[in-house]
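Inspection log for the structure reproduced underneath, given as structure tokens.
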Amino acid sequence: MTTDENKMLQELTHGISEVLIPEESINQRVSELGAAISQDYEGRNPLFIGVLKGVFFFMADLLRKVTIPVEVDFIAISSYSLEARDKGFVRLVKDLDTPITGRHVLFIEDVVDTGLTLNYLLQNLNSRSPASLEVCTIFNKPHHRLIDLSLKYVGFDLPDRFVVGYGLDYRERYRNLPYVALLKAQTITPALRGSNLNII
Ligand code: IMP
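In numbering that gives the first Met the number 0, the protein residues as written are 0 to 199.
Structure follows, in structure tokens:
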């Protein structure tokens with residue numbers, strides 16, 4: 000690595016306190032999920048739907064491990080805010096390009112925490128009468144679940160901590176870390192330290 004590259008990497012990672020899930024473990028698990036999904040959906044021409052922005056890293060890696068024909072679409076929701084999250088409020092800012100009536104839909108998520116966001120989105124998608132609708136999430140945080148949801152494919156259960164990396168952000172940063180990590184206390188703004196997100 001050149002001195003410049005090293006300096007840039009240090010700038011990206013100096014807010015991190017600990018790597019929780021290393022890159023190799025994520026790669027391994029994504030391969031396993033890809034193999035399982037390929038087997039389960041063979042001959043069903045599934046449509047993978049991802050919710051932006053956090054999911055695009057996982058979606059891109061997963062798709063390259065899936066060995067059957069699939070189609071892909073995205074929706075986008077309003078960016079994460081503590082207030083909106085507590086009320087289970089989600090605003091759709093980009094809808095699907097593809098009709099899903101009669102399709103086998105696999106909904107791809109980055110993280111499910113309370114389940115409020117996912118619940119809202121699943122209700123919305125179900126109202127369009129897909130042939131089937133299942134969920135694949137790379138990360139699951141079961142500790143604060145408010146709604147019981149069935150998650151067919153789960154990559155990793157996470158501890159009750161706020162994490163960043165592999166698509167997950169803190170104030171839009173750290174998404175591009177190839178691993179999942181905890182943040183240092185001093186990285187977090189004081190207002191968020193006492194929140195129910197368990198950021199530190
Ligand atoms: P839920 O509605 O509580 O399930 O929240 C899902 C959303 O919360 C995710 O799409 C993320 O935007 C955000 N989120 C929850 N936990 C974390 C975390 O540990 N790091 C980053 N974002 C998180």
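The beta carbon of each residue, even a glycine, is placed where N, CA and C say it ideally should be.
By Cβ distance below 7 Å, which residues in the same chain neighbour residue i in space, the five residues on each side in sequence not counted?
{"i": "Asp94", "result": "Ile74"}
{"i": "Asp60", "result": "Val29"}
{"i": "Val163", "result": "Tyr169, Tyr173, Leu176, Ala180 and Leu182"}
{"i": "Pro21", "result": "Tyr178"}
{"i": "Tyr152", "result": "Leu32, Ala35, Ile36 and Cys135"}
CB-CB under 8 Å to residue i, same chain, minus the five flanking residues each way: which ones, in chain order?
{"i": "Leu124", "result": "Ile48, Ile99, Val104, Phe106 and Leu132"}
{"i": "Ile76", "result": "Val50, Leu51, Val89, Arg90, Leu91, Val92, Thr116 and Leu120"}
Using C-beta distances below 6 Å, list every residue in its chain close to residue i, excluding the 5 sequence neighbours before and after it, in chain order.
{"i": "Ser149", "result": "none"}
{"i": "Thr186", "result": "Gly14"}
Buried or exposed for residue i, please, with buried defined as at least 16 other CB atoms from any protein chain shown within 10 angstroms of its CB.
{"i": "Asn139", "result": "buried"}
{"i": "Arg170", "result": "exposed"}
{"i": "Glu108", "result": "buried"}
{"i": "Asp3", "result": "exposed"}
{"i": "Arg102", "result": "buried"}
Please indicate yes or no: does the CB of residue i lie closer than 8 Å to some heavy atom of ligand 1?
{"i": "Asp112", "result": "yes"}
{"i": "Tyr169", "result": "yes"}
{"i": "Lys140", "result": "yes"}
{"i": "Leu176", "result": "no"}
{"i": "Phe155", "result": "no"}
{"i": "Glu22", "result": "no"}
On the DSSP bridge assignment, give the partners of residue i in chain order.
{"i": "Ser131", "result": "His103"}
{"i": "Lys93", "result": "Ala75"}
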